[in-house]
Amino acid sequence: MTLLSRLGATLPQILWLLPLALLPLVVCSQRRTLVSAIAAAPADGLSRTIGWALRLAGIVAIGGLILALSGPYRSGETITRTGIGAQISMLIDRSGSMNETFAGKQPSGAEESKAAASRRLLADFVGSRAHDQFAVTAFSTSPMLVVPMTDRHAAVRAAIAAIDRPGLDYTNVARGLGMALPQFGAGAAQVSRVVLLVSDGAAVIDPKIQGPLRAEIAKIHPNLYWLFLRTKGSPSIYDKPAGEDTPQAAPERHLDLFFKSLGVPYRAFEAEGPEQVAEAIRQIESLERDPIPYTEQRPRRDLTPWAYALAMAGLLVLVAGKLLEADLQGGGRAAAARTAPDDATDERRLAA
Amino acid sequence: MTRFLARNLRDWRLQALAGALVLLAMTFVVSTVTLTRNMIDVLAVVDITGSMNVRDYKRPDGTPASRLETAKAALRDLVSRLPCGSRLALGIFTERRPFLLFTPIEVCRDFSPLDGALDALDWRMAWEGDSRISAGLYRSIEMAAGLGTDLIFISDGHEAPPPPSTGGPDFEGKPGVVRGFIVGAGGYGLSQIPKFDDRGRETGFYGETDVQQENRFGPPPADAESRPGYEPRNAPFGATAAHGTEHLSSVREPYLKKLAAETGLSYAHLDGPGGLLAPLMQAATPRPLPGSLDLRPLLGSIALGLLLAVYVVPPLRALRRRGGSPPTSWKKV
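Protein chains in written order, with the working numbering: chain A, 873 to 1224; chain B, 5 to 337.
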């Protein structure tokens, strides 16, 4: 039953030709011979059987060919298996400062901008494990959904390849988070969910948004990683400002405090160079070793060769039948019959 | 014995059946031939400025659809129709520059993330309200050249603020180096532009005084002297506020066509949620990629033709010989 329901055809319209396969029931492929009375020949069981076999072969040959032309297949199945991996929603800063080097300068010569370094290292990260799923969200002034959650790693790498393009103005983390969180969808809760924030700065999270953001994070309960690409000379996450300790004075520190207060597993990595970025990514990879169900698409199976083989079997019988065709009359009469058109008579010859 | 075999071998029906058999056997040997097919690599840049929110398209059910929605639908339709192996990169445009969301993605294998990304396009991704289309187009052309792709630039051509009377910036690249086309989105009649508050909720439409009606940077236009209150030093643009229809929007086709001519692109109007494939195939650079052609349907249909002929031709011949009347008795054994 399930096997039948998985059968399909690429060009089902062609199947309308199938009644043509009944043609052998109406006409015969063999020569006709003139006999004065069919009753003159005794009823012969063998002849009858051969006649029916030839008819059946014709039906099989025509039917098989029509079937083959319609492109039959058994549709692929989706198998759910369990592998090691996680759902990773990447939130990538594309503010203008990402195009500077870790020293805060325009890159020159062999120097690498922060964006170029993260592009190179993240591209290696994507696809290093076959069953990770990724979503990419970019943010600066406003958040932009680049690629929704997918296991197509080539597409994710294409999205990451664009992150070292000239960036935009600001670093609006809150709105970015607001877009990166819903990417997990309503799927199974036991899957390891990861929000990976890659940024070179922080911003004050509007107290008005803090509430909804907290609620959202509590609901999804992701593991939160912040890869902070620190520019030389800029404040660290852990530096207390000399003056007043307000979010405005030290946004990095307060974003860190905000993340810590969320009650989800959280780690911040402060990277001051490409090697440290690579190290941080390695650590994240080793931390996220949970099982993840993934679907494997078994490709659909082309049944066309089988249909052709069927048609061929029918045809072989037909060809054999034609090859061994003999006329009712003896050999001498056959020579005479050759001069007359083969099929001018009404009476069919018996297959023999 | 040999004589009847020889006679059988001369029978055209045997020859036809044998031919069909050979053709069928061939389906197992030469199933495909390799040949080059033309793929397309294209960068689509979509204008997501405020005027693209104008609802002057209609869905099939008659409800209004915005230009951006229609453009998205057209791109999704395009992606589903492009030959496999083609690739699409996506950028968005506001202010004066395009922003690349991703480098080219293959349209068949990675269809679902590509389709999802196109569906996620939103005017809320915009980072600034200006819409300097000529500058955005020129930089999109540079971007396409950098990616090595063709270009589809979808815009309604509505510059905001309006370009100065002397015209916008000139194209400095070489026209025709990047091939592709500009898609004019929007109806030909003026429509109101929806207005949104800072939380993204629609609050009405732009009024005449909400937007800049005239660009008063640069030298005044030629007709300034005839304006009321004109004074060369203190009121070179006249003394009254500018009036106009900049708060309403329609597709600025002459302007887009002019930009297309200057940059060596072609132009097409977006008539609905589809129809981008034909102009793209015309404008784009064909990129030959090895593909394969399945020969089996061809072999199979010839075999079927031969097989049917074996059954159908003799009775038809007999019919003709009798002058049209069917055989009187077909006795089956």
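C-beta: ideal position from N, C-alpha, C; glycine also.
| Check | Outcome |
| --- | --- |
| Report yes or no: is there a C-beta of chain B within less than 9 Å of the C-beta of Ala1026(A)? | yes |
| Ile934(A) versus chain B: which residues are under 9 Å apart at the beta carbon? | Leu308, Leu311, Leu312 and Tyr315 |
| Do you know offhand how far Arg231(B)'s Cα is from Arg237(B)'s? | 14 Å |
| Looking at Gly180(B) and Tyr61(B), is the spacing between their C-beta atoms short of 9 Å? | no |
| Quick one: does Phe8(B) have its CB under 9 Å from some CB of chain D? | Within the model displayed, chain D is absent; protein chains A and B are what it includes. |
| Considering only the alpha carbon of each residue, which of Leu1049(A), Pro1054(A) and Phe997(A) lies closest to Val1028(A)? | Phe997(A) |
| So with CB distances below 7 Å, who are the chain A contacts of Asn12(B)? | Lys1194, Leu1195 and Glu1197 |
| Starting from Gly188(B), follow the beta strand (DSSP E) in both directions and report where the run begins and ends. | Gly184 to Gly188 |
| Please check the pair Asp1072(A) and Thr1103(A), which I expect to be a contact at CB under 8 Å, by giving their CB distance rounded to whole angstroms. | 6 Å |
| What does Asp896(A) touch in chain B if you count any residue whose Cβ is under 9 Å from its own? | Correcting the residue type first, residue 896(A) is Pro in the shown sequence and not Asp. Per Cβ cutoff of 9 Å: Tyr315. |
| Quick one: Cα of Phe221(B) to Cα of Gly248(B), how far? | 17 Å |
| Touching or not, the segment 94 to 111 of chain B and the segment 142 to 151 of chain B, by the rule of three or more beta carbon pairs under 8 Å? | yes |
| Is Trp131(B) helix, strand or coil when you go by DSSP? | coil |
| Determine contact between the segment 1011 to 1020 of chain A and the segment 73 to 92 of chain B, defined as no fewer than three beta-carbon pairs at a distance below 8 Å. | no |
| Thinking just about the alpha-carbon of each residue, which of Pro1038(A), Ile951(A) and Asp1023(A) is nearest to the one in Arg991(A)? | Pro1038(A) |
| Give me the Cα-Cα distance between Tyr210(B) and Arg59(B), rounded to the nearest whole angstrom. | 13 Å |
| Do you know offhand how far Ala1052(A)'s Cα is from Val1008(A)'s? | 8 Å |
| Hey, could you find the ends of the beta strand (DSSP E) Asn42(B) is sitting in? | Thr36 to Met43 |
| Is the segment 106 to 117 of chain B touching the segment 49 to 59 of chain B, taking contact as three or more C-beta pairs under 8 Å? | no |
| Could you check whether the segment 1157 to 1167 of chain A touches the segment 1112 to 1130 of chain A, counting it as contact only if at least three pairs of C-beta atoms, one from each stretch, sit closer than 8 Å? | no |
| Specify, as a first and last residue, the run of the beta strand (DSSP E) that Leu1069(A) falls within. | Arg1065 to Ser1071 |
| For a contact defined as C-beta to C-beta under 7 Å, what are the partners of Met129(B) on chain A? | Ser1014 and Met1016 |
| Going residue by residue through the segment 202 to 227 of chain B, where are the continuous beta strand (DSSP E) segments of at least 3 residues, counting only ones entirely within it? | 206 to 209 |
| According to DSSP, Phe1011(A) sits in a beta bridge with which residue or residues? | Asp965(A) and Pro1015(A) |
| Does Gly380(B) come within less than 9 Å of chain A when only Cβ atoms are used? | The requested residue 380(B) is not part of the displayed model; chain B covers only 5 to 337. |
| Alpha carbon to alpha carbon, how far is Gln216(B) from Gly188(B)? | 23 Å |
| Are the C-beta of Ile960(A) and some C-beta of chain B separated by less than 9 Å? | no |
| Given a cut-off of 9 Å, decide if His162(B) and Ser84(B) are closer than it, judged by their beta-carbon atoms. | no |
| Which residue from Trp127(B), Ala29(B), Gly184(B) and Leu28(B) puts its Cα closest to that of Lys261(B)? | Gly184(B) |
| From what residue to what residue does the beta strand (DSSP E) around Asp154(B) run? | Asp154 to Ser159 |
| Asp938(A) versus chain B: which residues are under 8 Å apart at the beta carbon? | Per the sequence shown, residue 938(A) should be read as Ile rather than Asp. Here the neighbours are Leu308. |
| Counting Cβ pairs closer than 8 Å, one from the segment 21 to 39 of chain B and one from the segment 60 to 75 of chain B, do we hit at least three? | no |
| With a Cβ-Cβ cutoff of 9 Å, do Val899(A) and Val316(B) count as a contact? | yes |
| Are there three or more Cβ pairs, one per stretch, closer than 8 Å when the segment 283 to 291 of chain B is compared with the segment 197 to 205 of chain B? | no |
| What is the C-beta distance between Thr38(B) and Ser270(B), in whole angstroms, given that I count them as a contact (C-beta under 8 Å)? | No, Thr38(B) and Ser270(B) are not in contact; Cβ-Cβ is about 32 Å, not under 8 Å. |
| Determine the chain B residues that contact Leu1188(A) at a beta-carbon separation under 9 Å, and present them in chain order. | Leu25 |
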